[in-house]
Amino acid sequence: MKVNTAIYRFLLFTLLTALIPLPDLFSQAVPGKDENIPYLVTFGKNGETSWGDNDFRSIFFFTIPRDYNRQFYIKVFDPDAGGENDEIQGLWDSRTLFSVYGGKGVDPDKNIESRGLEPDDNFKSGNLLASRVFGNDARYDNGYYAFGPFNPTEGEFNEKWKSYIFKIVCEGVSGDDGNLFRYFLSREAGSDLPIEGANAFTYEYTFRMWNDMKSIAHIYPYVDTGIVSIRQKNFDWDDDGVILVVSTYKQGLPVPISNEDDYAESTIPVEQQEIGKSLDFQFHKKQSSLVRNNNVVVSLKNQRGDALQFFSSPIGGVPVYQPLTRIRKIQKK
Ligand SMILES: [Ca+2]
Ligand SMILES: [Ca+2]
Ligand SMILES: [Ca+2]
Ligand SMILES: [Ca+2]
Numbered sequence: 000m001k002v003n004t005a006i007y008r009f010l011l012f013t014l015l016t017a018l019i020p021l022p023d024l025f026s027q028a029v030p031g032k033d034e035n036i037p038y039l040v041t042f043g044k045n046g047e048t049s050w051g052d053n054d055f056r057s058i059f060f061f062t063i064p065r066d067y068n069r070q071f072y073i074k075v076f077d078p079d080a081g082g083e084n085d086e087i088q089g090l091w092d093s094r095t096l097f098s099v100y101g102g103k104g105v106d107p108d109k110n111i112e113s114r115g116l117e118p119d120d121n122f123k124s125g126n127l128l129a130s131r132v133f134g135n136d137a138r139y140d141n142g143y144y145a146f147g148p149f150n151p152t153e154g155e156f157n158e159k160w161k162s163y164i165f166k167i168v169c170e171g172v173s174g175d176d177g178n179l180f181r182y183f184l185s186r187e188a189g190s191d192l193p194i195e196g197a198n199a200f201t202y203e204y205t206f207r208m209w210n211d212m213k214s215i216a217h218i219y220p221y222v223d224t225g226i227v228s229i230r231q232k233n234f235d236w237d238d239d240g241v242i243l244v245v246s247t248y249k250q251g252l253p254v255p256i257s258n259e260d261d262y263a264e265s266t267i268p269v270e271q272q273e274i275g276k277s278l279d280f281q282f283h284k285k286q287s288s289l290v291r292n293n294n295v296v297v298s299l300k301n302q303r304g305d306a307l308q309f310f311s312s313p314i315g316g317v318p319v320y321q322p323l324t325r326i327r328k329i330q331k332k
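Here the sequence shown is numbered in numbering that gives the first Met the number 0, starting from 0 and rising by one per residue.
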């Protein structure tokens, strides 16, 4: 190798390293800070799927790092369906059940049904640690309810993430209104004190877009080793603008979009450079007219049919398109 080439490669490596952002170690808001999603949404089971929730449930997992040995809380913002933030249909009559699970059966790597992707899956696996039903209740409107305290070892240990896993299931057990809410993993019940190195993930993301035309929502699936292609599926996007896939390698790949109460699916190729990092699925709203109250569902599977995880705090940080990566590849040829 010539000296010039070595220097060039060193500079390129330094530049690329500097450009890759570090993960936010202190973010356990769900949706996460980088996602720019206002709320998760779950409708009462008597609702219509055309309102943007295909299964009237939402399942999230929290990871607590092994070296954290204090108690913690899982807080739900606006757990009620009524008053502010929620989506009324007729009268307020939705009842929403939130349940927290730990112990054996929770870890979705060991027990696929815990993911709750198929209608008949036993997604209530694990030990029930806490649960509560919320209706139209002004006490919790536009405020928090805190589940816990929990001890980290009440979760199920996952060797790969070196973390204890907990699961929170949200079900619209009756009524037809949309319950909009957020989660926060906190060291204290009365304030938002994040746990360093903790994270949250889901396999099927049901969320609300902002009611404006300029905000772009993001979700960040993690591309594990062995993935060569991804089958994406989006539901009830209301023909609202475009969905783009961005990564260090992809500048913005548009995917087919759903309209009203239907699914759009397609296969996305995965490059070697995208392994071990996150993809950025971007949701850009239509600019010609404002689509209000757009709720959407997104899920991904790899070429073997295994579901991908969306992390609230993207693994490896938010991916940024690197044109240099392409130049370098072309030069190597
Ligand atoms: Ca209603
Ligand atoms: Ca409310
Ligand atoms: Ca709510
Ligand atoms: Ca929708």
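For glycine and all other residues, C-beta sits at the position ideal for the given N, C-alpha and C.
Whole-number beta carbon distance between residue j and residue i, since they are thought to touch under 8 angstroms
i    : j    : result
F97  : R138 : Wrong, their Cβ atoms sit about 15 angstroms apart, outside the cutoff.
T266 : R230 : 5 angstroms
E259 : D237 : 6 angstroms
I226 : F309 : That belief does not hold up - the Cβ atoms of I226 and F309 are roughly 14 angstroms apart, past 8 angstroms.
F76  : A197 : No, F76 and A197 are not in contact; Cβ-Cβ is about 17 angstroms, not under 8 angstroms.
V40  : R207 : 5 angstroms
S257 : F234 : 6 angstroms
L243 : P253 : 6 angstroms
F200 : S311 : 7 angstroms
G174 : S93  : 3 angstroms
A216 : I36  : 5 angstroms
G177 : D85  : 6 angstroms
G46  : Q88  : 7 angstroms
Where the beta strand (DSSP E) through residue i begins and ends
i    : result
K74  : F71 to F76
I167 : S162 to S173
D279 : D279 to H283
F55  : F55 -> no beta strand (DSSP E), and no H or E assigned at all.
A145 : Y143 to F149
N157 : E155 to N157
Y204 : E203 to R207
Cβ shell of residue i (< 8 angstroms), same chain only, five flanking positions each side left out
i    : result
Y100 : K123, S124, G125, N126, L127, L128, F165, K166, I167 and V168
K161 : P64 and R65
L116 : Y202, E203, S298 and A306
E83  : D77, D140 and N141
N68  : P151
T224 : I274 and G275
Contacts around residue i, its chain only, beta-carbon distance under 6 angstroms, and the 5 residues preceding and following it disregarded
i    : result
D136 : D79
K74  : Y143, A145, F183 and S185
E264 : K232
I314 : Y221 and S277
V296 : N53, T205 and F234
N293 : M208, D237 and D239
G104 : N110, S124 and G125
L21  : Since pLDDT at L21 reaches only 40, below the 50 mark, its modelled position is unreliable, and the value read off the structure follows with that caveat. Correct list, in chain order: G316.
Y163 : I63, P151, G154 and F156
P107 : S113 and R114
A405 : This structure cannot speak to residue 405, because the chain is shown only from 0 to 332.
N210 : R291
K249 : none
K285 : D239 and G240
Q321 : T247
D23  : Because the pLDDT of D23 is 45, which lies under 50, any placement of that residue in the model is unreliable, and the question is left without a value.
N121 : E112
P268 : S228
Residue i - partner residues in DSSP beta bridges
i    : result
G335 : No information on residue 335 is available, as it lies outside the stretch 0 to 332 that the chain covers here.
I229 : I267 and N301
S185 : Y72
K32  : None, per the DSSP bridge assignment.
K276 : V222
P253 : L243
N198 : T62
G177 : F42 and E86
N294 : R207
T152 : For T152, which the question treats as bridged, DSSP gives no partner whatsoever.
Y320 : The partner list for Y320 (beta bridge, DSSP) is empty, contrary to what the question assumes.
A306 : K300
T95  : F133 and G171
Y262 : F234
I215 : H283
Near ligand 6: residue i beta-carbon under 8 angstroms from a heavy atom
i    : result
L289 : Absence of ligand 6 from the depicted structure is noted, with ligand 1, ligand 2, ligand 3 and ligand 4 being the only ligands included.
Beta-carbon contacts of residue i that lie in its chain and below 7 angstroms, excluding the five residues immediately before and after
i    : result
F12  : Note on F12: pLDDT 49, under 50, position unreliable in the model; the coordinate value appears next. Once the five neighbours on either side are set aside, F12 has no close Cβ partner at all.
S57  : L39, T41, C169 and T205
F180 : Y38, L39, V75, F76, D77 and P78
W91  : A80, G81, N135 and D176
K44  : F55, G171, V172 and S173
A17  : Since pLDDT at A17 reaches only 45, below the 50 mark, its modelled position is unreliable, and the value read off the structure follows with that caveat. Excluding positions up to five away in sequence, the list is empty.
Short CB-CB distance (under 9 angstroms) between residue i and chain E
i    : result
R291 : The structure shown contains no chain E, having only a single protein chain.
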